[in-house]
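Okay, so here's the structure we're looking at.
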Amino acid sequence: MVIGTGVGGTIISNGQIQPGEHAYGGEFGMMLVDGRRELSELGSAVHMARKYSKLKRKEYTGEEVFALAEAGEVDAVTATEELYHYLALGIYNMQYTIDPEYIVLGGGITKKADLLDHLYRKLAEIMNYGQRCPIMPKIRIAKFGNDANLIGAALTAEGK
Numbered sequence: 001m002v003i004g005t006g007v008g009g010t011i012i013s014n015g016q017i018q019p020g021e022h023a024y025g026g027e028f029g030m031m032l033v034d035g036r037r038e039l040s041e042l043g044s045a046v047h048m049a050r051k052y053s054k055l056k057r058k059e060y061t062g063e064e065v066f067a068l069a070e071a072g073e074v075d076a077v078t079a080t081e082e083l084y085h086y087l088a089l090g091i092y093n094m095q096y097t098i099d100p101e102y103i104v105l106g107g108g109i110t111k112k113a114d115l116l117d118h119l120y121r122k123l124a125e126i127m128n129y130g131q132r133c134p135i136m137p138k139i140r141i142a143k144f145g146n147d148a149n150l151i152g153a154a155l156t157a158e159g160k
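Reminder that position 22 of the sequence shown reads as 22 in UniProt numbering, one-by-one numbering, no gaps.
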């Protein structure tokens with residue numbers, strides 16, 4: 001799953017990309033996560049920054065919003081917590097739709113050293129909502145981080 005301007009990805013099984021019947025396999029960003037809006041919107045730091053900027057009437061980047069949240073700015077904390085919630089919700093849904101061995105994250109947000117801590121905390125909250133399946137998704141950060149999707153696409157084009 002790659003998280004950038006939106007959310008996307010692919011499904012790999014037995015070393016092969018699984019595009020699906022209509023070539024939409026791995027379009028995780030298309031999942032509705034609040035009944036109306038897609039994960040690509042609600043799970044993107046770019047969209048989080050746009051929403052925060054609108055609230056503050058000043059332009060902020062995702063990195064700036066994360067820094068403000070770490071400094072304790074209340075609205076930034078709310079914005080980042082909402083982002084983590086929607087990402088965790090998408091990961092939870094992926095786990096119980098595809099049942100993968102693990103979910104690999106790529107994209108700029110993976111530079112955040114505490115990303116997995118936040119996601120696992122939010123996953124624990126989601127799993128405590130009621131009777132939920134007991135499997136905690138295993139999440140890994142892509143070896144090539146923000147470039148993972150580009151490298152994967154290049155290797156696929158070369159047939160590797």
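Virtual Cβ for every residue (Gly too), placed ideally from N, Cα, C.
Only a predicted model underlies this, so the values are computations on that prediction, with no experimental measurement involved.
Among the options, nearest to residue i - alpha-carbon criterion
{"i": "Ile135", "options": "Gln16, Ala142 and Met127", "result": "Met127"}
{"i": "Ala113", "options": "Gln95, Ser44, Ile141 and Tyr86", "result": "Ile141"}
{"i": "Gly35", "options": "Phe66, Tyr86, Tyr129 and Leu115", "result": "Tyr86"}
{"i": "His47", "options": "Arg121, Leu119, Ile109 and Asp117", "result": "Ile109"}
{"i": "Asn14", "options": "Gly130, Gly106, Lys143 and Pro100", "result": "Pro100"}
{"i": "Tyr92", "options": "Ala49, Pro137 and His22", "result": "Pro137"}
Bounding residues of the alpha helix (DSSP H) (the contiguous stretch that carries residue i)
{"i": "Ile98", "result": "Val74 to Ile98"}
{"i": "Arg121", "result": "Leu115 to Met127"}
Run of the beta strand (DSSP E) containing residue i, from where it starts to where it stops
{"i": "Val104", "result": "Ile103 to Leu105"}
{"i": "Arg140", "result": "Ile139 to Ile141"}
Rounded distance between the beta-carbons of residue j and residue i, thought under 8 Å
{"i": "Leu123", "j": "Ala88", "result": "5 Å"}
{"i": "Ile139", "j": "Tyr84", "result": "Wrong, their Cβ atoms sit about 12 Å apart, outside the cutoff."}
{"i": "Ser53", "j": "Gly6", "result": "Between Gly6 and Ser53 the Cβ distance is about 17 Å, and since that is not below 8 Å, they are no contact."}
Tell me, please, whether the region 22-29 touches the region 2-14 by the rule of three or more beta-carbon pairs shorter than 8 Å.
As far as the Cβ criterion goes, the region 22-29 touches the region 2-14, which means the pair count is three or higher.
Residue ranges of each beta strand (DSSP E) run of no fewer than 3 residues wholly in the region 25-78, ordered along the chain? Those beta strand (DSSP E) runs which fall completely within the region 25-78 and span 3+ residues do not exist here.
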